[in-house]
Amino acid sequence: MAEIKDGDTVRIHYTGTLLDGTVFDSSEGRDPLEFVVGSGQIIPGLDVALPGMAAGEKKVVSIPCDQAYGPVNPELSQGVPRDAIPAEIPLEVGMQLQMQTPQGQPMPVTVTQIGETEVMLDANHPLAGQDLKFDFEVVSFDAA
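Per the working numbering, the sequence shown starts with residue 43, numbered consecutively.
Okay, here's the thing in structure tokens:
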């Protein structure tokens with residue numbers, strides 16, 4: 043039976059949960075997730091779980107935060123002047139905004155605090171600092 047190796051294109055159905063069982067993402071009701079193994083298109087902890095598996099095989103993996111979205115980086119949280127955000131945007135804690143890096147790249151940020159003169163924005167991935175669990179099944183794969 044053929045086994046997955048780095049460079050193969052795989053398709054998986056998955057459910058991602060936090061350690062307390064809260065589902066944060068799932069392919070249920072959607073097409074399988076397709077990516078190239080070992081290419082960095084998915085989190086490292088899931089990528090390394092695939093080589094050696096076969097189509098139809100299922101696995102559950104626990105992934106520490108450093109192999110998922112990384113630890114929370116305090117440098118990615120900063121205050122910006124309240125008047126730097128357009129007044130027509132009704133700010134709420136937890137809402138996502140789109141900022142631009144100095145190079146012009148889009149960067150999603152989350153509003154974490156709203157003060158009279160300053161708004162705290164966090165550019166960490168929402169799952170940074172979280173250990174994760176993935177329950178997945180290899181639907182199919184194409185050898186490289």
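Don't be surprised by glycine CBs; every beta carbon is placed ideally from N, CA and C. Note that the coordinates shown come from a computational prediction; the quantities given were computed from them, not determined experimentally.
C-beta atoms of residue i and residue j nearer than 8 Å
i: ALA44; j: ALA185; result: yes
i: ALA97; j: VAL180; result: yes
i: VAL153; j: MET137; result: yes
i: GLN172; j: LEU88; result: no
Selection from the options that minimises the alpha carbon distance to residue i
i: SER68; options: CYS107, GLU117, ASP177, ASP125; result: ASP177
i: ASP125; options: SER104, GLY146, GLY157; result: GLY157
i: GLU160; options: PRO150, ARG72, PRO123, PRO93; result: PRO123
i: GLN155; options: PHE66, THR64, GLY94, VAL135; result: VAL135
i: TYR56; options: LYS47, PHE183, GLU70; result: GLU70
Where residue i falls, given that 16 or more other Cβ within 10 Å makes a residue buried
i: VAL102; result: exposed
i: ILE131; result: exposed
i: MET149; result: exposed
i: PHE183; result: buried
i: VAL151; result: buried
Rounded distance between the beta-carbons of residue j and residue i, thought under 8 Å
i: ILE84; j: PHE77; result: 5 Å
i: GLY58; j: LEU174; result: 6 Å
i: LEU133; j: ILE127; result: 7 Å
i: GLY49; j: VAL79; result: 7 Å
i: PRO74; j: ILE54; result: 6 Å
For the 8 Å Cβ check, are there 3 or more pairs between the stretch 166 to 175 and the stretch 100 to 113? yes
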